[in-house]
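Enquirer:
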Amino acid sequence: MATVVQADPNNMVAISDIWDEDWERWLGRAGEFLGGTVNGKLWIASLDAQTECIWVYKDLFEQCGVKVPPAGQPLTVDTLISMVEPASQLGYDLLTAGFMEPWVIHGYYFNAVHQLQPTDTPDVLLQAMEGEISWQQDMFALPIQAFAKMHNARVWKEESLNIDYQVSSVERWVSKKAIGLWANGDWFVTAVDEYIPKENTPDNPNVVT
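Printed below as a string of structure tokens:
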């Protein structure tokens with residue numbers, strides 16, 4: 006559903022106001038299921054991707070001196086590093102993560118490499134795995150270097166290498182021990198709805214990516 010509309014991902018969108026007859030027929034009663042609507046409407050957070058996102062509390066994030074950027078304008082590694090000390094002074098870790106689960110790293114790495122490859126096809130990672138091209142290229146090395154640089158600058162605590170994402174990391178984030186969650190989309194909606202429902206409503210879209 007996130008691809009139906011073009012919108013800033015920092016805003017909630019009432020998709021029930023804009024879907025067409027085909028969508029309404031396809032969804033059926035799923036579009037109005039109990040607990041799925043707010044103020045009589047079905048809302049979504051419009052995103053271009055639901056994986057490899059860093060979810061943050063917007064108010065705390067911007068207290069570190071950096072505005073949440075518009076859609077399509079990612080933060081740089083150096084910008085995140087510059088926020089570590091301000092976050093610490095506010096009493097928070099900047100990010101929490103659960104890198105013990107390998108897919109949390111794999112998802113980031115594959116996504117970063119694909120953003121660096123010059124064309125959408127062929128898939129350079131598959132080519133490298135098949136031995137068709139060399140791994141000794143910047144597009145394979147730079148994401149690893151960026152990860153190491155952030156780790157050494159304590160963008161996340163070292164313990165993030167040894168904790169799981171689905172329970173420990175998410176728990177640290179919903180408990181506001183960290184401003185941001187290095188996440189992969191799944192479990193996110195459930196966590197927000199159950200533990201911090203007041204942080205992301207149509208009137209207060211404070212959880213953004």
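Residue 70 in the numbering used here sits at position 65 of the sequence shown; the count goes up by one each step and never skips.
Cβ coordinates follow ideal geometry from the N, Cα and C atoms, glycine included.
Between which two residues does the alpha helix (DSSP H) harbouring residue 84 extend?
Expert: Run containing residue 84: 82-87, per the alpha helix (DSSP H) assignment.
Enquirer: Only counting the same chain, and skipping five residues up and downstream in sequence, which positions put a Cβ closer than 6 Å to that of residue 185?
Expert: Cβ within range, chain order: 59, 61, 100.
Enquirer: Quick check: what's the CA-CA separation for residue 121 versus residue 86?
Expert: Taking the straight line joining both Cα atoms gives about 21 Å.
Enquirer: Who are the Cβ neighbours of residue 211 in its own chain at under 7 Å, not counting the five residues just before and after it?
Expert: Closer than 7 Å at Cβ, skipping near neighbours: 62, 63, 64, 204, 205.
Enquirer: Using the Cα positions of residue 98 and residue 167, report the straight-line distance between them to the nearest angstrom.
Expert: Their Cα atoms are separated by approximately 16 Å.
Enquirer: Work out the CA separation of residue 165 and residue 48 for me, nearest whole Å.
Expert: Distance between the alpha carbons of residue 48 and residue 165: 32 Å.
Enquirer: I'd like the list of long-range same chain contacts for residue 21, defined as Cβ closer than 7 Å, with 5 residues on each side in sequence excluded.
Expert: The answer, listed in chain order, is 36, 46, 47.
Enquirer: How about residue 201 and residue 172: do their beta carbons lie closer than 7 Å?
Expert: Not closer than 7 Å, so no.
Enquirer: Measuring alpha carbon to alpha carbon, tell me which of 162, 208, 129 ends up nearest residue 105.
Expert: For the residues 162, 208, 129, the minimum Cα distance to residue 105 belongs to 162.
Enquirer: Tell me the rounded alpha-carbon separation between residue 130 and residue 78.
Expert: Using only the alpha carbons, I get a separation of about 24 Å.
Enquirer: How is the beta strand (DSSP E) around residue 100 delimited, first residue to last?
Expert: Element bounds for residue 100: 98-101.
Enquirer: My guess is that residue 109 and residue 102 are in contact by the Cβ rule of under 8 Å, so how many angstroms apart are they, rounded?
Expert: Contact flag correct, Cβ pair sits at about 7 Å.
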